[in-house]
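Chemist:
Residue numbers (full-length UniProt numbering), protein chains in the order written: chain H, 1 to 283; chain A, 1 to 364; chain C, 1 to 299.
This is how it looks when you write it as C-alpha cells:
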C-alpha cells in the first residue's frame with residue numbers, strides 16, 4: 001500500500017529518532033559502561049568511543065561494585081529503603097484506598113466537600129510544609145525512627161483521588177450481591193474492592209515505591225543516624241567521601257537505579273497508566 | 001396474613017417532588033411467581049429494591065412471613081437476588097462465586113460442597129466450575145448468578161431484569177429454564193421485567209405498574225382478556241391492541257373517519273347505558289378476514305387498503321389505515337395480502353374493549 | 001437508620017486518612033499561615049511576637065530571596081518551553097514511527113524513573129571540567145566549559161539536565177492524549193483530502209489543547225519547585241546563582257530555624273502555585289463542561 005516516498009520518509013524518521021534516542025541515552029550508557037572501569041581507564045577511554053563501551057569482563061570487572069557492596073553500608077541503605085517502601089505501600093494502599101472508597105461509594109456527611117478539599121490538597125506544594133512537619137516530627141521525638149519518616153507520607157491526596165476515580169465506577173450491584181452473601185463493608189473492601197481494582201492498586205503501589213526509593217528531601221531531614229539512611233541519602237554520604245573514586249560513584253548510582261529499572265520493566269503498563277491519568281485527572 | 005404482605009408502600013427520593021412509588025399494596029402467597037412489569041421508570045425496580053432492602057421504604061409496611069421487614073438489613077431478610085448485570089465477583093471462579101455466601105454464613109464445608117455441586121449440576125455449569133466470569137458467555141454468567149441465588153435456600157427470590165442482557169434466542173431458552181427451576185424449587189419469586197412476553201410466559205400473577213402506581217394485578221390471561229384500563233390493554237400483547245376514538249349512539253358506533261358499525265345487543269348491555277365518545281380497543285387477532293367470520297358478521301364488514309405486511313410465517317400482520325388510525329390485523333397464512341390490496345374485515349364484537357376517554361378505565 | 005450507619009461507616013473509612021491529613025497537612029498549613037505573621041524562631045520559641053506583615057516586606061527586601069526568586073524564574077523560563085515543546089515533539093514523532101515504537105518510549109522515559117539524586121550525581125560527572133561532555137565538545141573544537149562550576153552556566157546546565165530527566169513524563173501524557181483522539185476524525189479528514197499539516201492543525205492540536213495547558217502548568221509548577229538538583233550539584237552556588245525559592249524556604253526553616261520567615265516565603269510560594277493552577281482550571285474549563293455534559297447524558 002505504501003508509496004516509495006512514504007517509505008523513505010519513514011526511514012528518515014526512524015533514523016532521526018534513533019540518533020535522538022542515543023543522544024538521550026548517552027549519559028545512562030556512559031554511566032553503566034564506566035561503572036566497571038577503574039578511574040584510570042575511565043579517563044583514558046574518555047577520548048574515544050570506548051567511553052561508551054564496558055570493558056571486557058575479566059579480573060577486576062566488578063571491583064567498583066564489590067567495593068560499594070562490601071566496604072560501604074550501601075547494601076544496608078538499600079535494605080532500609082525497601083523496608084520503608086514496603087510499609088508505605090501497605091499503609092498507603094489501605095489508608096488512601098479506604099478514603100477513596102468512602103469518597104466514591106459511601107454517602108457520608110460533607111462527602112462532596114471532602115472531595116473538593118482533597119483535590120485542592122493535590123495542588124499545594126508539600127515542600128512548603130516540610131519545615132513544620134520536620135518540627136512536628138522532631139518534637140514528637142520521632143526523628144531517626146521509621147514512624148517519623150513514614151507517618152507524614154502515608155496520606156497522599158493524589159492517590160486518594162486516583163482510588164476514588166476507579167472505585168466510583170465499580171458496579172453497585174456487586175456490593176448489593178455481597179451484602180446478600182453476608183459480607184460486611186470492611187471485608188468487602190479487602191476481599192472484593194481491592195482485588196477487583198488490581199490495576200489501580202498496582203499503579204499506586206508502584207508509584208509509592210518509586211516515591212520512597214527516589215525521595216530525597218524528607219529522608220534527608222528525618223534520618224541522621226547512618227543505620228537508618230535510605231539509599232538516596234546514603235548515596236550522598238558515599239559520593240561526598242573523598243576516597244570514593246569516579247568508577248565507584250558510577251557503580252553506586254547504577255546500583256541504586258537497578259531496582260527502579262526492574263520495577264519499570266515489570267510494571268511499565270501501570271506506570272504509563274498512572275502518568276496518563278495525571279494528565280486526564282482534570283476531566 | 002400472606003407470605004409477603006406489602007401495605008401502602010411509598011418511595012420518595014430525597015429532593016424529588018414526586019413519589020417514585022405510590023401506595024403499593026400486594027399480597028403474595030408462598031411459592032408464587034410474581035412478575036412486576038411496566039415501562040422503564042415505572043417504579044418496578046425501585047419496589048424490588050425496597051423489598052431487598054437496598055432502598056429505604058419511605059412509608060408503608062412490608063412483611064415477610066409475618067415479620068415486619070422495613071428496618072431489617074438486606075442480608076437478614078431471607079432473600080436472594082439475581083441482578084440485571086449479574087453482579088458476579090469478577091476475581092472469583094464460578095465455584096467461589098456460588099459458595100461465597102455460604103462461607104460467610106458459616107455453613108459447614110461438607111454441606112457447602114454438596115450444595116455447590118448440586119447447583120452447578122442443575123445449572124449445567126460443570127465444565128466451567130473453575131473459570132472466572134470474564135471467560136463465560138452471557139448465558140453462562142446468568143446461570144452462575146442463578147446458582148449463587150439458589151444455593152442459599154432463601155425463602156424469597158428476587159430477579160431484576162435477569163434476561164435483558166441476553167440475545168433474543170438465549171432469552172427464550174433461559175425463560176423456560178427459570179420457569180423449570182421455579183417449579184423444581186417451589187420458592188417464592190418476584191421477577192422484574194420490562195418485557196411483557198417474559199411476564200406473560202413465566203408468571204403466576206403479573207403486577208403492571210406505571211408512574212409508580214399499580215395498574216392491575218392478575219393472572220396473565222386475565223390481564224390479556226380483561227385489562228383494567230387502556231394502559232394495560234396496550235402494554236400486554238403484541239402487536240399492540242388497536243385503539244379507536246368512537247362515538248356510540250344507540251346501537252351505532254361511528255369512527256372518526258365516518259365508518260359506522262352496528263353493536264350487538266350484548267355489547268350495548270355491557271356498556272350499561274354509556275353513550276357518546278369512547279375509546280374502542282380491539283386486538284389484531286380479533287379483526288377477522290376469513291370467509292367464515294365475514295359471513296358471520298356480514299352486516300358489519302369494513303374495508304381498507306393494506307399499507308404494509310409483516311410476514312412471520314405461521315401468522316402475518318397486516319397494517320392498514322382505518323377509522324382514522326393506523327391499525328393492525330393478525331391473520332393466518334391463508335389471508336395474506338400484498339400492500340395496496342383492498343381487504344374486507346370484521347371486528348369480533350364480543351372481543352371489543354371500551355375505555356373511558358378521560359380516565360381510560362375499562363368500561364366493563 | 002441508613003443515613004446514620006452511612007455516616008459512621010464513612011467516617012470509619014475516611015477517618016484514618018483524615019487524622020493523618022489533619023496532623024501532617026492541615027495543621028502544618030494553618031501553622032505556616034500563623035507563623036508567617038510572627039518572628040517564630042524554633043530554637044527559642046518563647047520569644048515569639050506577632051509582627052504583622054513584616055516578614056513579607058522583609059523577604060521582598062531580602063537580596064537572597066529576590067535572587068532565589070529571580071533564579072527560579074530563570075529556571076522556569078528555560079525549562080518550560082523546552083520541556084513542553086520537547087515532550088509534544090517526541091510524542092508526535094513516536095506516534096508517527098512504525099518500528100521500534102516500544103524502544104523509543106522506553107529510551108525517552110528511562111531518565112524519569114531515575115532519582116533526582118542519581119541524575120544529579122551522574123551529571124556532576126558528565127559536567128565535570130575533564131568530563132565526557134567537555135571531551136566530546138573538544139572534538140568539535142569547543143573549549144572546555146565550566147558548566148555547573150561557572151556562575152553563568154550553572155543554572156542553564158541544571159535546567160537542561162532537568163529537561164532531559166523530565167521530558168519523558170510529559171511525552172507519555174501527550175502520547176496518551178494522542179491515542180485518545182478518535183481515529184474517525186483523521187479518516188474523515190482523509191476523505192476531505194486534508195494535508196498532513198492541516199490534519200495536525202485542525203485535529204491534533206485542538207484535541208490536545210487541554211492537555212497542552214495541563215502539561216504547561218504542571219511543568220511550570222515543577223520548575224518552580226526546583227531544589228534537589230542544585231542542592232546536590234552546586235549547593236545553590238556558585239555565588240547563589242542556582243539558589244531557588246524552595247531552597248531558600250528549606251534553608252531558612254531547617255538550617256537557620258527562622259520558621260516565621262520561612263513560613264512567609266512558603267505562603268508567597270503557595271499563593272503563586274495556586275494562582276497558576278487556577279489559571280489552568282480556567283483555561284481548561286471548556287473541556288470539563290463538555291465532560292460533565294457527557295456524563296449527564298450517560299446517566
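No residue lacks a Cβ here, since even glycine has one placed at the ideal position from N, Cα and C.
Tell me whether residue 39(C) sits in a helix, a strand or coil according to DSSP, three-state version.
Modeler: Counting from 1 along the third chain, the entry for residue 39(C) is found at position 39. Here residue 39(C) sits in coil by DSSP.
Chemist: Going along chain C in order, which residues have a C-beta closer than 7 Å to the C-beta of residue 264(H)?
Modeler: Start at 1 with the first residue of the first chain, and residue 264(H) comes out as number 264. Here the neighbours are 113.
Chemist: Would you say residue 267(H) lies against chain C (beta-carbon separation less than 8 Å)?
Modeler: One-based indexing of the first chain puts residue 267(H) at position 267. For residue 267(H), the answer is no, since every Cβ of chain C falls outside 8 Å of its Cβ.
Chemist: Just how far apart, CA to CA, sit residue 39(C) and residue 66(C)?
Modeler: Along the third chain, one-based indexing puts residue 39(C) at 39. Along the third chain, one-based indexing puts residue 66(C) at 66. Taking the straight line from one Cα to the other gives about 20 Å.
Chemist: Given residue 123(C), which residues of its chain have a CB within under 6 Å of its CB, disregarding the five upstream and five downstream residues?
Modeler: To locate residue 123(C), count along the third chain from 1; it is residue 123. Taken in chain order, the residues that qualify are 161.
Chemist: Against residue 7(H), what residues of chain C qualify as contacts under a CB-to-CB distance less than 8 Å, listed in chain order?
Modeler: As a position in the first chain, residue 7(H) is number 7, starting the count at 1. Within chain C, no C-beta atom comes less than 8 Å from the C-beta of residue 7(H); the nearest is roughly 10 Å away.
Chemist: What are the residues that DSSP puts in a beta bridge with residue 207(A)?
Modeler: Counting from one through the second chain, the residue named residue 207(A) turns up at place 207. Answer is 36(A), 217(A).
Chemist: Using only the alpha-carbon positions, how far apart do residue 340(H) and residue 8(C) sit?
Modeler: The question about residue 340(H) has no answer, for chain H in this structure spans 1 to 283.
Chemist: Could you tell me whether the Cβ of residue 282(H) comes closer than 8 Å to any Cβ of chain C?
Modeler: Your numbering for residue 282(H) matches position 282 in the first chain. Because the pLDDT of residue 282(H) is 43, which lies under 50, any placement of that residue in the model is unreliable, and the number read from its coordinates should be weighed accordingly. So, interface residue.
Chemist: Which residues, taken in chain order from the region 215-227 of chain C, show a beta carbon closer than 9 Å to some beta carbon of chain H?
Modeler: 215, 218, 221, 224, 225, 227
Chemist: Within the 8 Å Cβ cut-off, does residue 88(C) reach chain H?
Modeler: Here residue 88(C) corresponds to residue number 88 of the third chain, with the count starting at 1. With 8 Å as the cut-off, residue 88(C) does not count as an interface residue toward chain H.
Chemist: Once you ignore the five residues that flank residue 1(A) on each side, which residues in its own chain have a CB closer than 7 Å to its CB?
Modeler: Along the second chain, one-based indexing puts residue 1(A) at 1. So the list reads 63, 66, once near-sequence residues are dropped.
Chemist: Starting from the beta carbon of residue 43(C), find every residue of chain H whose beta carbon is closer than 7 Å, and list them in chain order.
Modeler: Mapped onto the third chain, residue 43(C) falls at position 43. For residue 43(C), no chain H residue has a Cβ inside 7 Å of its Cβ, as the nearest lies near 11 Å away.
Chemist: Keeping to the same chain, check which residues put their C-beta closer than 7 Å to that of residue 275(A); ignore five residues upstream and five downstream.
Modeler: The residue you call residue 275(A) lines up with position 275 of the second chain. The answer, listed in chain order, is 248, 249.
Chemist: Just list the residues that DSSP pairs residue 281(A) with in beta bridges.
Modeler: The residue labelled residue 281(A) in the question sits at position 281 within the second chain. DSSP lists 243(A), 353(A) as partners of residue 281(A).
Chemist: Which term fits residue 305(A), buried or exposed, when burial requires 16 or more other beta carbons within 10 angstroms of its beta carbon?
Modeler: On the second chain, position 305 is the one that residue 305(A) refers to. The residue is exposed, with fewer than 16 neighbouring Cβ atoms inside 10 Å.
Chemist: From residue 164(C) to residue 272(C), what distance separates their C-alpha atoms?
Modeler: In the third chain, the residue the question calls residue 164(C) occupies position 164. In the third chain, the residue the question calls residue 272(C) occupies position 272. Distance between the alpha carbons of residue 164(C) and residue 272(C) is about 25 Å.
Chemist: Rounding to the nearest angstrom, what Cα-Cα distance links residue 142(C) and residue 260(H) in this structure?
Modeler: By 1-based counting over the third chain, the position of residue 142(C) is 142. By 1-based counting over the first chain, the position of residue 260(H) is 260. When rounded, the distance between both Cα atoms is 36 Å.
Chemist: Going along the chain, which residues of the region 160-183 of chain H sit with their C-beta nearer than 8 Å to a C-beta in chain E?
Modeler: Of the chains in the structure shown, none is chain E; the protein chains are H, A and C.
Chemist: Closer than 7 Å by beta-carbon distance: list the chain A residues that pair up with residue 17(H), in chain order.
Modeler: On the first chain, position 17 is the one that residue 17(H) refers to. Those do not exist, as residue 17(H) stays about 37 Å from chain A at its closest Cβ, beyond 7 Å.
Chemist: Got a sec? Which residues, its chain only, sit under 7 Å from residue 56(A) by beta carbon, not counting five neighbours each side?
Modeler: Start at 1 with the first residue of the second chain, and residue 56(A) comes out as number 56. So the list is empty, once near-sequence residues are dropped.
Chemist: Between the Cα of residue 283(C) and those of 129(C), 210(C), 256(C), 274(C), spot the shortest distance and give me the residue it belongs to.
Modeler: The count along the third chain starts at 1 and reaches residue 283(C) at position 283. Closest by alpha carbon: 210(C).
Chemist: Can you tell me whether DSSP reads residue 110(C) as helix, strand or coil?
Modeler: Against the third chain, residue 110(C) aligns to sequence position 110. Of the three classes helix, strand and coil, the one that applies to residue 110(C) here is helix, per DSSP.
Chemist: Are the CB atoms of residue 155(H) and residue 33(C) within a distance shorter than 8 Å?
Modeler: Locating residue 33(C) in the third chain gives position 33, where the first residue counts as 1. Locating residue 155(H) in the first chain gives position 155, where the first residue counts as 1. No; because the gap between Cβ atoms is not below 8 Å, this pair is not in contact.
Chemist: Taking only beta carbons into account, state which residues of the region 195-225 of chain H come closer than 9 Å to chain A, listed in chain order.
Modeler: Correct list: 195, 196, 198.
Chemist: Three or more C-beta pairs closer than 8 Å, one from the region 210-225 of chain A and one from the region 105-116 of chain A: is that the case here?
Modeler: no
Chemist: Going by DSSP in three states, residue 228(C) sits in which element: helix, strand or coil?
Modeler: On the third chain, position 228 is the one that residue 228(C) refers to. It is helical.
Chemist: If you compare alpha carbons, which of 115(H), 82(H), 71(H), 65(H) is closest to residue 14(C)?
Modeler: Stepping through the third chain from its first residue, residue 14(C) is reached at position 14. For residue 14(C), the nearest C-alpha among the options comes from 115(H).
Chemist: Return the residue from the list 31(A), 163(A), 10(A), 40(A) that minimises the CA-CA distance to residue 50(A).
Modeler: The sequence position of residue 50(A) within the second chain is 50, counting from 1. Comparing Cα-Cα distances from residue 50(A) to each of 31(A), 163(A), 10(A), 40(A), the minimum goes to 10(A).
Chemist: Quick check on the burial criterion: 16 or more other C-beta atoms within 10 angstroms. Buried or exposed for residue 49(H)?
Modeler: Here the question's residue 49(H) lines up with position 49 in the first chain. So residue 49(H) counts as exposed.
Chemist: Report the residue from 148(H), 62(H), 236(H), 21(H) whose alpha carbon sits nearest the alpha carbon of residue 33(H).
Modeler: As a working mapping, residue 33(H) is identified with position 33 in the first chain. Nearest C-alpha to residue 33(H): 62(H).
Chemist: Which of helix, strand or coil does DSSP assign to residue 176(C)?
Modeler: If you number the third chain from 1, residue 176(C) lands on position 176. The three-state reading of DSSP puts residue 176(C) in helix, counting H, G and I together.
Chemist: Which residues of chain H have a Cβ atom closer than 7 Å to the Cβ of residue 104(A), listed in chain order?
Modeler: As a first step, residue 104(A) must be located in the second chain, where it is residue number 104. Counting only Cβ-Cβ distances below 7 Å, residue 104(A) has contacts in chain H at 181, 182, 183, in chain order.
Chemist: Could you check which residue in 167(C), 131(C), 5(C) has the C-alpha nearest to that of residue 39(H)?
Modeler: Within the first chain, residue 39(H) is the residue found at index 39, counting from 1. Of the candidates 167(C), 131(C), 5(C), the one whose C-alpha sits nearest the C-alpha of residue 39(H) is 131(C).
Chemist: With a threshold of 16 other CB atoms inside 10 Å of the CB of residue 99(H), please say whether the residue is buried or exposed.
Modeler: Counting from 1 along the first chain, the entry for residue 99(H) is found at position 99. That one is buried.
Chemist: Residue range of the beta strand (DSSP E) that residue 8(A) falls in?
Modeler: Counted from its first residue, the second chain places residue 8(A) at position 8. Unbroken beta strand (DSSP E) run through residue 8(A): 4-11.
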